[in-house]
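Worksheet: the structure to be examined is printed underneath.
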Amino acid sequence: MISVKKKRKNNNVPTGNLVIIASFLFFALIIGRGAYLALSTNIDGINIKEFSSSRTTRTDTLTATRGKIYDVNGETLAENVYSYTLIAYLDPDRTTNENNPQHVVDKEGTAQALSTVIDMSYEEILALLNKEGVYQTEFGKAGKSLNEIQKDKILALGLPGIDFIETQTRYYPNGNFLSYAIGYAKTDSSGEITGEMGIEKQYDDILSGTDGYVTYQKDRNGYKISGTDEIRVEAEDGDDVYLTVDSNIQLFVEQAIAESAKQYAFDGVNIMVADAETGAILASASYPSFDPNTRNDIVSYLDSNVSIGTEPGSTMKIYTYMAAMEAGKYNGNDTYLSGIYTAQDGTQIGDHDRAGWGVITYDYGFAQSSNVAVANLVTKYIDRATLGNYFKKLGFGSKTGIELPNEASGKISFQYETEVINASFGQGILTTPIQNIKALTAIANDGVLLQPYIVDKIVDGSTGEVTYQGERTELGQVASSSTVTKMKQLMHDVVDFGTGSIYAMEGYDLIAKTGTAQIASTDGSGYLTGEYDVIRGFAGIYPAENPKLIIYATMTRPQSKSARPLSMIIDQIIVNATQYYGIDTTVDDNEVVDPVVENLMPSFINQTINNATTTLTEMGVTPYVLGNGTKVVSQYPAEGTTITNKEKVFLVTNDDTTIAMPNITGWSLKEVKAFANLLKIPLTVTGNGYVTSQSIPEGTILNQDSMLTVTLEVKFQSSA
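When the letters of the sequence shown are read in order and numbered with the working numbering, they come out as residues 8 to 727.
Now the structure itself:
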């Protein structure tokens with residue numbers, strides 16, 4: 008029997024088919040992935056195009072050179088200098104030609120050579136050069152901020168693998184000079200220079216310029232592949248800024264402050280000097296100042312000449328008087344009772360000498376800086392609105408627009424009677440030095456107010472073209488010629504025989520107004536009451552006719568009861584500027600102008616006349632000896648009083664029976680009063696200014712029945 012086997016049925020796919028299907032799917036996946044990679048911009052959050060480009064191309068910034076800052080004469084005040092960071096390449100792969108190594112080959116020799124140039128030991132340098140697995144190394148602080156000389160010394164060593172990273176830094180060649188006006192610029196970690204104060208900040212955009220760049224193909228070490236193209240956009244250098252400041256005048260100011268600081272103690276000084284004809288700022292100084300190269304000694308980041316308002320004190324009386332004149336309500340010959348003014352609410356406003364000067368004219372009240380004078384003016388002749396509007400017309404309470412950052416507006420706000428009175432003599436309001444400079448331009452320019460400015464011109468850094476030119480800008484007529492003429496006379500009186508007599512120098516036709524302001528407490532509780540808690544002020548124009556300079560100055564907390572710490576500064580500025588500009592100071596062909604010398608008055612009581620006169624003569628003072636005795640029994644001024652060689656000193660002897668009346672023609676009221684009080688002689692005074700006549704003839708022997716009457720007249724001295 009024949010047997011037949013049944014074939015089993017197989018339901019599985021043959022192995023060959025599986026392989027074909029798997030291969031198809033694999034290749035489909037690869038094609039799909041390839042298409043995805045080719046068409047997609049971002050893969051797993053990474054921009055493929057940028058990633059690829061960054062691995063084969065490099066873009067370097069071409070840094071624009073920051074523009075320079077110059078003074079009006081083209082003297083450099085701020086510029087860029089290059090500094091260098093020392094680096095050493097350690098990767099041997101940088102060298103492709105053994106005859107021209109591009110990495111450090113001799114580490115010991117390199118360390119020894121570098122240790123003679125930078126402030127780092129051989130061992131320290133060698134340790135850095137022996138680092139493993141690094142492409143390059145730096146040398147810490149010792150290898151940073153190297154100058155051109157240090158760089159050249161290192162290059163002269165001819166060391167393979169040594170290179171430098173170049174950095175631009177800002178440099179101020181004059182150091183501590185005009186610091187707050189220039190300001191400073193800092194270099195950050197990326198090498199970018201940014202202005203942070205003063206002109207550097209105000210004009211940061213145009214000084215900075217515009218950086219360029221270069222893009223090129225790079226090798227694996229980041230170097231350009233030879234023969235490949237590059238895209239290059241050149242940097243546009245920053246513009247240069249020329250200031251109106253004259254470095255000579257600035258130097259006069261800063262030297263004068265430094266000289267005063269050697270002799271006196273004070274917390275601070277602010278001085279601005281402007282060209283009287285244009286309003287251009289010639290000098291701007293603040294003490295204490297700082298060196299913008301280091302900034303180690305900076306105590307404030309605000310320029311107090313423009314950014315901080317203070318109470319100006321009695322220099323504001325200039326503008327109170329002008330307000331009354333412009334309102335047609337001023338008569339300088341009208342009289343009032345000086346000493347104390349009582350407001351409607353019972354508040355008493357006192358003169359600095361609360362005993363006053365009796366019944367005096369408003370003209371004389373200005374010379375003596377009488378608070379009661381302006382109190383009467385603003386309550387009897389003009390009102391709050393008239394005063395406030397005139398202050399604002401002169402620019403107080405608003406920014407001047409000076410080309411410096413962070414300018415303050417000040418504050419001109421007063422409502423009640425006592426507030427108005429206080430404002431009339433500069434208390435309870437805030438002004439800045441630059442605002443006072445602006446207001447003074449009206450007096451120097453026959454009533455025309457000028458715009459103060461500190462930028463003379465701006466020059467394009469690429470083409471040399473002048474893109475901006477500063478110039479005299481008139482803001483309008485704010486006072487009549489008659490008001491200006493009268494104001495000049497009153498300011499002349501201040502220096503001639505008033506509170507500013509310490510500023511008088513024979514032959515120098517200076518007109519001015521002085522001020523002494525209280526210092527407000529920081530907690531708003533009132534004013535500080537310390538012996539020296541004041542701000543002395545000075546607002547001056549020189550010369551009176553055809554003015555050249557406007558000077559506004561303040562001194563905070565001078566440790567002296569005299570104005571001499573500030574007046575010696577002004578004196579030096581005036582004398583040096585006079586010589587610099589060639590201003591005529593001729594008084595007489597044979598006359599020699601003596602400088603002001605200040606001393607403290609000793610006590611001569613019970614000393615011999617010979618000893619007292621010898622001592623005073625050595626101090627530059629010629630005393631008036633009253634009587635024929637041999638010893639001093641009384642004196643004027645008192646011991647410890649600050650005196651100058653311009654003041655009169657009286658010595659009364661122990662024989663007062665034969666005191667002869669001197670010729671007192673030309674004496675000031677202060678001097679006549681001192682003489683009469685010392686001898687206990689009744690005194691009657693008419694007029695203001697200097698003595699022109701005396702009732703007791705020269706040479707008359709004085710006795711207990713003597714009575715003295717004098718007539719005074721104002722001397723107005725013109726430089727014409």
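Using N, Cα and C, we set each Cβ at its ideal position, and we do this for glycine too.
The shortest C-alpha to C-alpha distance from methionine 668 to any of Val717, Thr651 and Ile347 is the one to Val717.
Of the residues Ser215, Glu266 and Tyr223, the one whose Cα lies closest to the Cα of alanine 242 is Ser215. Here leucine 715 is bridged, per DSSP, to Leu690.
Residue state for threonine 68 is assigned as strand, using DSSP reduced to three classes. For leucine 623, no beta strand (DSSP E) run applies; the uninterrupted alpha helix (DSSP H) run containing it begins and ends at 616 to 625, by DSSP. Beta-bridge analysis with DSSP links glutamate 115 to no other residue. Annotated as distal: valine 582 and phenylalanine 611, with beta-carbon spacing of 8 Å or more.
DSSP links methionine 512 through a beta bridge to Tyr515.
If you look at aspartate 212, you'll find it in the alpha helix (DSSP H) that goes 211 to 215. With 16 or more other Cβ atoms inside 10 Å of its own Cβ, phenylalanine 273 counts as buried. The region 468 to 506 is shown to contain whole beta strand (DSSP E) runs of 3 or more residues at 473 to 476 and 481 to 484, in chain order. When the beta-carbon positions are compared, asparagine 443 and proline 319 come within less than 8 Å of each other.
Of the residues Gln224, Val381 and Gly245, the one whose Cα lies closest to the Cα of glutamate 237 is Gln224. Under a 10 Å Cβ-count criterion, valine 313 is classified as buried, with 16 or more other Cβ atoms of the shown protein chains found around its own Cβ. By the C-beta density criterion, glutamine 355 is exposed, having fewer than 16 other C-beta atoms within 10 angstroms. Looking from the CA of alanine 331, the closest CA among Ile28, Ala380, Leu709 and Gly357 belongs to Ala380. Under DSSP, serine 267 takes part in no beta bridge, so it has no partner. As the crow flies, the alpha-carbon of threonine 480 is around 9 Å from that of tyrosine 460. Around the Cβ of valine 306, a 10 Å sphere holds fewer than 16 other Cβ atoms; the residue is exposed.
Ranking Gln525, Leu36, Arg571 and Tyr510 by CA distance to the CA of serine 267 puts Arg571 first. For lysine 75, there is no enclosing alpha helix (DSSP H), since its DSSP letter is neither H nor E.
DSSP, read as helix, strand or coil, puts arginine 239 in strand. The residue from Pro565, Phe373, Val473 and Gly404 with its alpha-carbon nearest to that of methionine 498 is Phe373. One Cα belongs to glycine 627, the other to isoleucine 156, and the distance between them is close to 54 Å. For threonine 235, the CB contacts under 8 Å within the same chain, skipping 5 residues up- and downstream, are Tyr223 and Gln224 in chain order. A straight-line Cα-Cα distance of about 41 Å links lysine 148 and tyrosine 271. Here DSSP, grouped into helix, strand and coil, assigns asparagine 277 to strand. For methionine 329, the secondary structure class from DSSP, reduced to helix, strand or coil, is helix. Per the coordinates, the alpha-carbon of leucine 93 lies some 5 Å from the alpha-carbon of phenylalanine 171. For the pair threonine 665 and glycine 634, the CB atoms are nearer than the 8 Å cut-off.
Per DSSP, the continuous beta strand (DSSP E) segment holding tyrosine 643 begins and ends at 639 to 643. For alanine 134, the uninterrupted alpha helix (DSSP H) segment begins and ends at 129 to 136.
The residues Gln157, Lys160 and Ile161, in chain order, have a CB closer than 7 Å to that of valine 124 in the same chain once the five nearest residues on each side in sequence are set aside.
For isoleucine 576, there is no enclosing beta strand (DSSP E); the residue is found in the alpha helix (DSSP H) stretching over 571 to 588.
Along the region 352 to 405, the alpha helix (DSSP H) occurs as fully enclosed runs of 4 or more residues at 369 to 374, 378 to 383 and 391 to 400, listed in sequence order.
Within the same chain, Met626 and Ile650 come within 7 Å of asparagine 606 by CB-CB distance, once the 5 residues on both sides are set aside.
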